[in-house]
Amino acid sequence: GTTAPGKKITARLKRTLPVKGPQAPTLSELMRWYCLNTNTHGCRRIVVSRGRLRRFIWILLTLSAVGLILWQCAELLLNYYSASVSVTVQFQKLPFPAVTICNINPYKYSSMKDYLSELDKETKKALETFYGFSEGRSKVRRSVDEWNSTGSDFFKHIPLLKFEDFSRTATDLRSGQKRKIEGSVFHKDSSIVNSGDSNDIIGFQLCDANNSSECALYTFSSGVNAIQEWYKLHYMNIMAQIPLETKEKLSYSADDLLLTCFFDGLSCDKRHFTRFHHPLHGNCYTFNSGENGTVLSTSTGGSEYGLQVVLFIDEADYNPFLVTSTGAKIIVHDQNEYPFIEDIGTEIETAAATSIGMHFTRSRKLSKPYSDCTETGADIPVENLYNKSYSLQICLHSCFQKAMVDSCGCAQYAQPLPAGAEYCNYKKNPNWMYCYYRLHEKFVKEQLGCQQICKDACSFKEWALTTSIAQWPSAVSEDWMLRVLSWDKGQKINKKLNKTDLANLMVFYKDLNERFISENPANTLVILLSNFGGQLGLWMSCSVVCVIEIVEVFLIDSLSIVMRRQWQKAKKWWNDRKRDRPGKPPQAGDLERHGHDNPVCIDEDLPTFNTALRLPLPQDSPLPRTPPPNYSTLRLESAFTEQLPDTLEVGQR
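Numbering (full-length UniProt numbering) for the sequence shown: 1 to 653.
And the structure:
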């Protein structure tokens, strides 16, 4: 059971030999130990190869393999955050979208006559001055009260102007007086061409109410565009002062707009429509709004099984200065989306049958880190003013309205009111027009920051529309159809309908194929780790254990050695500083341990024994004495400080 003396001696020798493993005293020894013991064959070949050329080749190959691994792993990390798009097509029963319908003319002109009489007078005078029109020669079918030449103060501040050439002199079309124009010039048309005819340039000037010298001049190369823009500017100012309940009465009712209705082959009526008041389009009506919690669906495609309505447009009661086209506007949208009629609405022609075929697509994008989209809009620092699900348009409009309230002190008429705000009008906010135009200019140039803040929604539904138009009613059926429709209207229409007052609309699914477009991660964590392992094995014959070994040696052990060397240097520096500290008395053994220079000995040759005896002693030095011998040095010591127990027993025997 006792251990042989040879094994104990071997063990003691191993303990006294220099350490070569992770506890090596230097980095070079650690790297050599790693190369000899690692599983990566390239590093081992660098150490064991004989000859400089062969060693250089192995160093070059190993470094190339490491570079390729780093490059491939970087590519894998970049591809990890990419997404692949998959398209799924399903054939099933589809929910029917919400369909919002508006008359292009927002309010009945006969009802609005009292509110717009002053504005119409100014517009007619501008037309008479600029184009030589008179009311007798115009094609307007109704009459307004005779206008007086005074007008209101509001129109005096912002009149229409005609420019003399391209100079700063303009003629007021209302009074005929010339005025000097100051301020920046903004051309509201997409392009302006100098044709040499100054009569083609008209516009208006907006000035800061607090600083009359700061003005902006808006010019148009088309008189039609200039008059319409000027009219809409004053129109919004007037409508902002009318209560919502009054405006709903001035617009079209469901009975006025809808003549006939069919859905999925069955009759429907105004009870299937929900009224929605739009600031610019008046009363609009949404079919299948889902307001009562029920959303209609269809199980058959084709024009016979969608929504079919005949609309009464009543062209004779249109505002001639506000709108220049006749018909209706519709938009197909989800029940939770706000219908932006003014942005993406589709116009429906009168005296025609408009067929709109739909393809339904649901899309979903991955959010961060794959794309910069938002799930619900909760992470966007913009208040949703529309009480509908988030969309990019809602965010942009809400952002502009907030900037409008902050900068101008009031809200723009075409968008919902923020809490505590009121719509702009010239009486309470005389500076709002100038402020609005300058702010809108910044918004278009993306200087307000709204385009940078707002993001796309990650999930959305889309109905791709295909529109076709046919003449309706036909010449052979026009007479009886108009008579029957007039009879169906009964008391509401006291005259025979004109086909230019009617529009036939059909909205249907062309097929019941639902396309679902989704983004999926191109790589998962498992695939990423597998790709890493493949690259390490291909270029370095390395595994996960090898990676752990590299981390241990190159990070932990190398850092430990560096810190140990720094500690030893600091400790040596401290000891040297303590020893060389001034004023410290010499120790008794210092002279015995250290020699001294003899000032008499100036010969560079080493002294002989006889000359050394004749050297004089240095001054102020004690006589050298021969120290007593250290008799312990005369004894032969063993190689080890203590005798092994087994050899001791042998010696005693």
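Where a beta carbon is used, it is the ideal one built from N, C-alpha and C, also for glycine.
- Assigned with DSSP and collapsed to three states, Ile101 falls in strand.
- Counting the other Cβ atoms within 10 Å of the Cβ of Ser468 gives fewer than 16, which makes it exposed.
- The straight-line gap separating the alpha-carbon atoms of Gly132 and Ala126 is approximately 9 Å.
- Here DSSP, grouped into helix, strand and coil, assigns Ala419 to coil.
- A distance of 8 Å or more separates the beta carbons of Phe508 and Leu94.
- Look at the beta carbons and you see the stretch 498–515 not touching the stretch 333–343: under three pairs across the two are nearer than 8 Å.
- Proximity to Trp58 across Val66, Leu70, Cys43 peaks at Cys43, based on C-alpha coordinates.
- Between the C-alpha atoms of Gln401 and Met433 there is a straight-line separation of about 14 Å.
- Inclusion of Ile330 and Thr100 in the CB contact set at 8 Å is warranted, their separation being smaller than that value.
- When the alpha-carbon of Pro473 is set against those of Ser486, Lys499, Cys450, Ala464, the nearest one is in Lys499.
- In the structure shown, Asn225 adopts helical secondary structure according to DSSP, grouped into three states.
- A check of alpha carbon separations from Gly533 across Thr169, Cys73, Phe220 identifies Cys73 as the nearest.
- For a cut-off of 8 Å, the C-beta gap from Lys180 to Thr169 is around 6 Å, short enough to register as a contact.
- Take Glu422, set aside five residues on each side of it, and the residues of its chain with a beta-carbon closer than 7 Å to its own are Cys410, Ala411, in chain order.
- Of the candidates Asn211, Asn384, Arg364, the residue whose Cα lies closest to the Cα of Cys435 is Asn211.
- Its Cα nearest to that of Cys373, the residue Ser459 stands out among Asn288, Asp317, Cys207, Ser459.
- For Glu128, the three-state secondary structure derived from DSSP is helix.
- Using a Cβ-Cβ distance cut-off of 8 Å, the stretch 435–451 and the stretch 249–268 are not in contact, since fewer than three pairs of beta carbons, one from each stretch, lie closer than that value.
- Gly327 is a Cβ neighbour of Thr350, given a cutoff of 8 Å.
- In this structure, Lys247 places its C-beta atom within 8 Å of the C-beta atom of His277.
- Ala414: not part of any alpha helix (DSSP H); DSSP gives it neither H nor E.
- In the three-state reduction of the DSSP assignment, Asn429 falls in the coil class, being assigned neither a helical nor a strand state.
- For Ser251, the closest C-alpha among the options Ser267, Gly265, Leu266, Tyr318 is that of Tyr318.
- About 22 Å separates the CB atoms of Cys215 and Gln228; that is not less than 8 Å, and the two are not in contact.
- Taking Cys395 as the centre and dropping the five residues before and after it, the same chain places the C-beta of Gly377, Ile380, Val382, Asn384, Cys450, Ile453, Cys454, Lys455 closer than 8 Å to its C-beta, in chain order.
- Ser541 and Lys461 have their C-alpha atoms some 50 Å from each other.
- When the Cα atoms are used, Lys108 and Ala254 turn out to be separated by approximately 14 Å.
- For Gln308, DSSP records a beta bridge to Phe262, Met506.
- Going by DSSP, Ser363 is part of the beta strand (DSSP E) stretching over 352–364.
- Here DSSP, grouped into helix, strand and coil, assigns Asp314 to coil.
- In the DSSP assignment, Ser407 falls within the alpha helix (DSSP H) that extends over 392–408.
- Each residue's CA atom was taken as its position, placing Ala65 and Tyr34 some 18 Å apart.
- In the DSSP assignment, Glu462 falls outside any alpha helix (DSSP H) and lies within the beta strand (DSSP E) extending over 459–471.
- Here the alpha carbons of Asn431 and Ser407 stand approximately 11 Å from one another.
- Counting of Cβ neighbours within 10 angstroms places Val310 among the buried residues, the total reaching 16 or more.
- Proximity to Tyr218 across Lys270, Lys178, Leu161, Lys569 peaks at Leu161, based on C-alpha coordinates.
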